[in-house]
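First up is the structure itself, then whatever we jot down about it.
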Amino acid sequence: MFWHLILGLLRDGRSRHGYELMTEYAARSGNKTSAGNFYRELARLAAKGLVETGVNPPDADARRIPYRIQPRGQQIFDRWLTAPTIEEGDLPTWVLFANRLDVETRNRILERHEETLWMRSKAMSRMRDDVLARSDDRADQFEPLAVLLSRQIKLLTCEIESLHELRLEFDEWSRRHARPASDSAPPKPIVQRRRSGKS
């Protein structure tokens, strides 16, 4: 999670030190993270050549080392953000940067994720039905698996509903931030100048 989070925060190309990145993450997500974990991941990313350290201005705090994303780090982040499926546990981080995607790509990824969760919910429902059918012969025994599966199904149902709401919120945001056609100036035609003199 931290890899893609840090690369996403640095994806705009600006240099920032670790504390600044942590503050930005907290402001955007409402979550706080361990400084130790954050700085460890920054060091790993630097060791792999995905980010590089910069030089502080003379009057800056020497402990605050600026980091800048490298082309390979940009590629890894872009591939992760546009992957057709969202890995389990990645959604909260993905949402932080999903506004950078075009509407069609974003909706396609969210639809695919919603479908994956729906299929998982159906598989759990079948499993729970099988457990309950087997337990009919042992009516005096408590079946914790059936209860736990029911809980997982409810959680998945809530997540699917939340995804649907998320798509609506993104659609509304896209509508509010779309530029009217009249605001976009047509591209200037390329004018070829004739060279003076004889050829």
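With my numbering, letter number 63 in the sequence shown gets 193, and the count goes up by one each step, no holes. All C-beta atoms in this analysis are idealised placements derived from N, C-alpha and C, irrespective of residue type, glycine included. Everything numeric in this text was worked out from a predicted model, so none of it was measured.
3 or more residues per run - each beta strand (DSSP E) lying fully within the region 243–301: none
Who are the near neighbours of S265 in its chain, counting only those whose CB is closer than 8 Å to its CB and skipping five residues on each side? What you label residue 265 is simply residue 135 of the sequence shown in a count that begins at 1. These residues qualify, in order along the chain: Q271, E273 and A276.
For V261 and L172, the rounded distance between their alpha carbons: To locate residue 172, count along the sequence shown from 1; it is residue 42. To locate residue 261, count along the sequence shown from 1; it is residue 131. Each residue's Cα considered, the two are about 46 Å apart.
Which of the three DSSP states, helix, strand or coil, is assigned to K162? On the sequence shown, residue 162 is found 32 positions in, with the first residue counted as 1. Coil at K162, not helix or strand.
Can you find the residues in the same chain that come closer than 8 Å, C-beta to C-beta, to E104, ignoring five residues on each side of it along the sequence? Any property of residue 104 remains undetermined from this structure, which presents the chain solely from 131 to 329.
What residues are listed by DSSP as bridge partners for P146? Here residue 146 refers to the residue found at position 16 when the sequence shown is read from its first residue. It should be noted that the sequence gives Arg, not Pro, for residue 146. The partner list for R146 (beta bridge, DSSP) reads Y197.
Apart from the five residues on each side of it in sequence, which residues of its chain come closer than 8 Å, Cβ to Cβ, to L231? Along the sequence shown, read from residue 1 onward, the residue named residue 231 stands at position 101. If we look at L231 and ignore the five residues flanking it on each side, its Cβ neighbours are L211, T212 and I239.
Can you tell which of G143, T153, I195 and E295 has the C-alpha that lies nearest to the C-alpha of V225? Mapped onto the sequence shown, residue 225 falls at position 95. Cα-wise, what sits closest to V225 is E295.
Buried versus exposed, by CB contacts within 10 Å (16 or more), M152: Numbered from 1 along the sequence shown, position 22 holds the residue referred to as residue 152. Burial call: buried.
Start and end residues, alpha helix (DSSP H) containing V336: This structure gives no information on residue 336, because the portion of the chain shown stretches from 131 to 329.
Is any beta-carbon of chain C found at less than 8 Å from that of L139? Note that chain C does not occur in the displayed structure, where there is just one protein chain.
Cα separation between R297 and A308? On the sequence shown, residue 297 is found 167 positions in, with the first residue counted as 1. On the sequence shown, residue 308 is found 178 positions in, with the first residue counted as 1. Roughly 16 Å separates the two Cα atoms.
Which residues in the same chain as A311 place their Cβ atom closer than 7 Å to its Cβ, once the five residues preceding and following it in sequence are excluded? The residue labelled residue 311 in the question sits at position 181 within the sequence shown. With a pLDDT of only 45 at A311, under 50, the local geometry of the prediction cannot be trusted, and no value is derived from it.
Going by the DSSP bridge assignment, what does T183 pair with across the sheet? Within the sequence shown, numbered from 1, the residue matching residue 183 stands at position 53. According to DSSP, T183 bridges with Y197.
Which same chain residues end up closer than 6 Å to V233 when comparing Cβ atoms and leaving out the 5 residues on each side of it in sequence? Along the sequence shown, read from residue 1 onward, the residue named residue 233 stands at position 103. Correct list, in chain order: S304.
Let me confirm a value: T215 is counted as buried when at least 16 other C-beta atoms fall within 10 Å, else exposed. Which label applies? Position 85 of the sequence shown, counted from the start, is the residue given in the question as residue 215. So T215 counts as exposed.
F132 - DSSP class collapsed to helix/strand/coil: As a first step, residue 132 must be located in the sequence shown, where it is residue number 2. Of the three classes helix, strand and coil, the one that applies to F132 here is helix, per DSSP.
Who are the near neighbours of M254 in its chain, counting only those whose CB is closer than 6 Å to its CB and skipping five residues on each side? Within the sequence shown, residue 254 is the residue found at index 124, counting from 1. Excluding sequence neighbours, M254 sits near L279, Q282 and I283.
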